[in-house]
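There are 2 protein chains.
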Amino acid sequence: MPLYLRGTLELASQGVDSISSQRLADYLGLNPWLIRKDFSYFGDLGKRGVGYDSQTLVCRIKKVLRLDVTRSAVLVGVGRLGSALLEYGGFSRYGLQIVAAFDRDRTRVGGTIGGVRVEHVDGLGTVKTRSIDLGIIAVPQESAQEVVNTIVQAGVRGILSFSPRHIVTPRRVKVISIDIAMDLARLPYYLSGNRKQ
Amino acid sequence: MPLYLRGTLELASQGVDSISSQRLADYLGLNPWLIRKDFSYFGDLGKRGVGYDSQTLVCRIKKVLRLDVTRSAVLVGVGRLGSALLEYGGFSRYGLQIVAAFDRDRTRVGGTIGGVRVEHVDGLGTVKTRSIDLGIIAVPQESAQEVVNTIVQAGVRGILSFSPRHIVTPRRVKVISIDIAMDLARLPYYLSGNRKQ
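The listed protein sequences derive, respectively, from chains A and B.
Sequential numbering of the first sequence, starting at 89, is according to the working numbering.
Sequential numbering of the second sequence, starting at 89, is according to the working numbering.
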């Protein structure tokens, strides 16, 4: 579903008003049959031979993914990666917004990156009063668990973690991990043939 | 399999010599039955009630994933994200090494980050003579496809892309995309109950 949303958003931004499952499938490199099956969940939305109205489709998928309301996120760790995230404009199209950023390094605290002022981690508990649902963890891996504990206590219920270390949370808190090294490590498997090493 | 490798490496680094499927399952939050099934591929490797020798297991999984030889990667785009990747030490445990980095910004060219000298993108074709299998794309999305075309022509056969835009490659070239915004957008679906918005 998130992938369908991305594809639909991109096609819509290219001026495509009506999206057929075939077209979306071609664009995303997927099987159109799979897309039709998944979209059948929406009921009678697409027109046979024409496709789905792209704006309606975006709304429906967003609703399924609960992206139909704006969600606020807190970022912890404003190193190179964290700064890149703050400057990255791509979250807004999913209705996501980083509204607070924290770091332990006092030389970073007080600065503003991507329109967000960096606060000191000692104030992380204030997240509780700010209606923040999501947390992004970009701290060194030895601090990750401690930071997670703090923001979970402050009411964060979904976490995106860049720490390669396994993170423990209460069952009600969902963690999605991005382990860049592991993703890169998946590639050699697909290398066909052999080069001289 | 990559996840098993990460878990095994972490447990081994904690001094665990013998890893049972149950222990690995607990560590990774998976079903031990699934792990036993996948590991049955290795044949008679584990000892009943004892588990797998962690070093042997690491070697076997690396072999399956073709990580048993060192792989070289080229990084294109040395902005905040690219710099973070160059400084990140986590690739080596998978036998991966970023050996070259390119950027179009002349103020960055010539500098050294994480031990790698930044070269100008005009020289990207030289990748061909350097036995580089993998490419990491951390350039602005409007340049991503062009950069991919160049490194594919230079012999790169696996690409890790941070561009949210869909990338086209010949079938023989595998692309793994990391779309951070999309990963964050997966979280709201799991938020149970409702907060005041």
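We put the beta carbon where it would ideally sit given N, CA and C, even for glycine.
In this text the structure is predicted, and so the values were computed from the model without any measurement.
- I264 of chain A belongs to the set of residues whose beta carbon lies under 7 Å from a beta carbon in chain B.
- The bridge partners DSSP lists for G246 of chain B are B:L222 and B:K262.
- Contacts between D105 of chain A and chain B, judged by CB atoms closer than 7 Å, are missing: the closest CB pair is about 19 Å apart.
- Using a Cβ-Cβ cut-off of 7 Å, R245 of chain B counts as an interface residue toward chain A, since at least one Cβ of chain A sits closer than that to its own.
- Per the C-alpha coordinates, the member of B:T257, B:R253, B:A232 and B:E230 positioned closest to G243 of chain B is B:T257.
- Of all residues in the region 142-167 of chain A, only V152, L153, R154, L155, V157, T158, R159, A161 and G167 come within less than 8 Å of chain B when Cβ atoms are compared, listed by chain position.
- Counting only Cβ-Cβ distances below 8 Å, A269 of chain A has contacts in chain B at Y176, G178, F179, R181, Y182 and L184, in chain order.
- Of the candidates B:K125, B:I264 and B:L174, B:L174 places its Cα closest to the Cα of V204 of chain B.
- Under a criterion of Cβ atoms nearer than 7 Å, the residues of chain A adjacent to L279 of chain B are, in order, R154, D221, R245 and G246.
- Per the C-alpha coordinates, the member of A:P252, A:W121, A:G139 and A:S180 positioned closest to D156 of chain A is A:S180.
- For Q185 of chain B, the closest C-alpha among the options B:V166, B:R192, B:G211 and B:T158 is that of B:T158.
- Beta-bridge annotation (DSSP): D141 of chain A is paired with A:S106.
- Under the DSSP assignment, D191 of chain A falls in the beta strand (DSSP E) whose first and last residues are L184 to D191.
- Annotation: the continuous beta strand (DSSP E) that includes V164 of chain A extends over R159 to V164.
- For the 7 Å CB-CB criterion, A232 of chain A and G170 of chain A do not form a contact.
- Between the alpha carbons of L153 of chain A and Y92 of chain A lies a gap of roughly 11 Å.
- Residues of chain A whose Cβ lies closer than 9 Å to the Cβ of Y115 of chain B are, in chain order, H254.
- The residues S142, in chain order, have a CB closer than 6 Å to that of D105 of chain B in the same chain once the five nearest residues on each side in sequence are set aside.
- Contact of R196 of chain A with chain B by beta-carbon distance below 7 Å is absent, the smallest such distance being about 13 Å.
- H208 of chain A has A:D191 as its beta-bridge partners, per DSSP.
- Interface with chain B (7 Å Cβ-Cβ cutoff): R94 of chain A is included.
- Just so you know, the alpha carbons of T144 of chain A and F130 of chain A end up roughly 11 Å apart.
- The Cβ neighbour count for R218 of chain A, taken over all protein chains shown within 10 Å, is under 16; the residue is labelled exposed.
- Straight through space, the alpha carbons of H254 of chain B and A113 of chain A are spaced by roughly 12 Å.
- When secondary structure is reduced to three states using DSSP, I201 of chain A falls in the strand class.
- Under the DSSP assignment, N237 of chain A falls in the alpha helix (DSSP H) whose first and last residues are Q229 to Q241.
- At the C-beta level, T96 of chain A and V162 of chain A stay beyond 7 Å of one another.
- Distance from the Cα of R260 of chain B is smallest, within the candidate group B:L275, B:P252 and B:D221, for B:D221.
- Taking 7 Å as the cut-off, the beta carbon of P120 of chain A is found closer than this to the beta carbon of S109 of chain A.
- By the Cβ neighbour-count rule, S249 of chain B is buried, with 16 or more other Cβ atoms within 10 Å of its own.
- Within the same chain, and ignoring the five residues on either side of Y182 of chain B in sequence, the residues whose Cβ sits closer than 7 Å to its Cβ are L155.
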